[in-house]
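Residue numbers (UniProt numbering): 1 to 43. Note that the Cβ used here is the ideal one computed from N, Cα and C, for glycine as well.
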Amino acid sequence: MKLDTESLSHTKWNCKYHIVFAPKYRRQVIYGKIKKDIGIMLR
Numbered sequence: 001m002k003l004d005t006e007s008l009s010h011t012k013w014n015c016k017y018h019i020v021f022a023p024k025y026r027r028q029v030i031y032g033k034i035k036k037d038i039g040i041m042l043r
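Here it is, written out as structure tokens:
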């Protein structure tokens with residue numbers, strides 16, 4: 001079984017999340033539409 005790990009010289013990681021940061025002026029638009037979905041995923 002192959003693990004999808006990335007590595008550098010002294011570290012290894014397996015990232016499973018994609019995080020998007022929204023600027024202040026876009027935050028209300030984005031969070032207004034998908035706030036409920038984000039809450040379900042993060043809990």
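Apart from the five residues on each side of it in sequence, which residues of its chain come closer than 8 Å, Cβ to Cβ, to residue i?
i, result
"residue 22", "30, 31"
Under three-state DSSP, which class holds residue i?
i, result
"residue 35", "helix"
"residue 24", "helix"
Comparing C-alpha positions only, which one of the options sits nearest to residue i?
i, options, result
"residue 38", "11, 20, 13, 5", "20"
Closer than 6 Å by C-beta to residue i: which residues in its own chain qualify, once you throw out the five before and the five after it? Chain order, please.
i, result
"residue 1", "Residue placement at residue 1 is flagged as unreliable, the pLDDT there being 43, under the threshold of 50; a coordinate-derived value is accordingly withheld."
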